[in-house]
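Please read the structure below before turning to the comments.
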Ligand code: GLV
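Numbering (my numbering), first residue to last: 8 to 326.
Right, here's the structure in full:
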């Protein structure tokens with residue numbers, strides 16, 4: 008069985024995979040798309056990173072391919088419909104990403120609301136000249152506020168529990184409404200997208216990216232939000248129209264944002280660097296030693312389970 012990995016990450020999480028099969032891994036770098044297209048024809052399994060495009064051309068170059076095992080919960084980098092049509096299964100790693108991503112979303116909410124990194128920049132820059140002002144660094148409280156969660160899957164639910172522990176009310180919008188039992192357990196209320204925009208003090212984006220969610224947060228959406236609202240995105244960049252967000256942040260249409268993902272190649276547009284009311288992190292949602300190890304194990308288990316049938320595989324069944 009031949010396995011090709013597009014990345015070299017957390018080898019200790021892949022020990023079992025390396026012991027069982029013939030695995031090709033780049034050495035301390037990523038394989039390029041062109042390199043993978045050139046090699047893939049003799050491989051049975053492809054282990055891809057979330058930013059590696061697995062498109063029609065690559066799949067067409069892979070007559071032996073049976074499984075694409077993505078190192079991520081999100082799989083918008085893969086042409087899933089085409090893979091499935093060609094009889095190639097797709098798997099992802101939902102469980103290990105839940106806690107770290109929900110924790111980061113909460114962290115960005117608190118940071119943006121209390122202006123933590125803004126104050127950090129200020130105090131480093133001004134040092135002794137910084138006036139310890141009683142009013143100059145006024146933030147806002149998360150306790151007692153309404154969090155609107157867009158996308159109530161596993162990460163949305165984990166964030167909901169954390170927000171509740173901080174004394175927030177939670178409303179949500181999702182493709183499908185949760186069951187009454189789930190809503191009661193989480194103590195959340197389903198609302199329309201328009202109501203989510205109008206009623207939330209904080210909005211956290213936790214939905215998958217697809218053609219249906221492209222730019223769902225656009226100029227019109229920002230105008231429908233409270234001018235005191237804070238927007239958090241730890242999902243995928245293109246759910247937000249980033250230039251429209253820059254304008255909204257500049258013109259006080261909304262108060263602030265906390266962004267871990269970005270529209271263009273996951274790198275912020277220059278204008279965002281100039282704004283104080285935005286917290287930026289470079290797609291670190293799952294970047295903890297613990298979760299990166301667990302994600303590697305999950306990819307490894309997906310591949311072994313698919314081949315041997317001896318353990319559960321997290322299959323992606325559609326888009
Ligand atoms: C990370 O972005 C993931 O989708 O797991």
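Ideal placement from N, C-alpha and C gives every residue a C-beta, glycine not left out.
- Shortest Cα-Cα distance from residue 163 to any of 148, 17, 195 and 88 involves 195.
- Taken from the Cβ of residue 57, at least one heavy atom of the ligand GLV lies inside 7 Å.
- Excluding five sequence positions before and after residue 154, the CB atoms of its chain that fall closer than 6 Å to its own CB belong to 170, 175, 177 and 209, given in chain order.
- In this structure, 17 is the residue among 168, 49, 188 and 17 with its C-alpha nearest to the C-alpha of residue 56.
- In the three-state DSSP reduction, residue 158 falls in the coil class, being neither helix nor strand.
- Distance check between residue 85 and each of 216, 281 and 304 places 216 closest, using alpha-carbon atoms only.
- Residues 101 and 105 of the same chain have their beta carbon placed closer than 7 Å to that of residue 161, with the five preceding and five following residues left out of the count.
- Taking one beta carbon from each stretch, the segment 286 to 303 and the segment 87 to 98 have fewer than 3 pairs nearer than 8 Å; the two do not touch.
- In terms of CA proximity to residue 198, 184 leads the group 192, 211, 184 and 147.
- Checking the 7 Å criterion, the Cβ of residue 106 is out of range of every heavy atom belonging to the ligand GLV.
- With distances taken between CA atoms, residue 265 lies nearest to 289 out of 107, 272, 289 and 74.
- 8 Å or more divides the Cβ of residue 50 from the Cβ of residue 66.
- Secondary-structure assignment with DSSP links residue 56 through a beta bridge to 78.
- Its chain contains 155, 210, 228, 231 and 232 as the residues whose beta carbon lies nearer than 8 Å to that of residue 204, once the 5 sequence neighbours on both sides are disregarded; these appear in chain order.
- Around the C-beta of residue 324, fewer than 16 other C-beta atoms lie within 10 Å, and the residue is accordingly described as exposed.
- The DSSP-derived three-state label of residue 287 is strand.
- Between the ligand GLV and residue 124, a heavy atom-to-CB distance of less than 7 Å is absent.
- Contact annotation, residue 311 with residue 23: C-beta distance approximately 6 Å; criterion of less than 8 Å satisfied.
- Following the DSSP letters along the chain, one finds residue 12 in no alpha helix (DSSP H) but inside the beta strand (DSSP E) bounded by residues 9 to 12.
- The Cβ atoms of residue 98 and residue 307 do not sit closer than 8 Å to each other.
- Of the residues 219, 249, 235 and 250, the one whose Cα lies closest to the Cα of residue 116 is 235.
- Taking C-alpha positions only, residue 213 is separated from residue 54 by approximately 24 Å.
- With a 10 Å radius around the Cβ and a threshold of 16 neighbouring Cβ atoms, residue 309 comes out buried.
- Residue 150 sits close to residue 173, with the two beta carbons spaced by under 8 Å.
- When distances are taken from the beta-carbon of residue 10 to the heavy atoms of the ligand GLV, even the shortest one reaches 7 Å or more.
- Residue 112 and residue 239 do touch by the CB rule: their CB atoms are close to 5 Å apart, below 8 Å.
- Less than 8 Å divides the Cβ of residue 37 from the Cβ of residue 14.
- Placement of the Cβ of residue 79 at a distance of less than 7 Å from at least one heavy atom of the ligand GLV is found.
- Within the segment 22 to 70, complete beta strand (DSSP E) segments of at least 3 residues are found at 29 to 31 and 52 to 56, given in chain order.
- If only uninterrupted beta strand (DSSP E) runs of at least 3 residues are considered, those enclosed by the segment 276 to 325 are 285 to 287.
- In this structure residue 248 is not in contact with residue 281, their Cβ atoms being roughly 18 Å apart against a cut-off of 8 Å.
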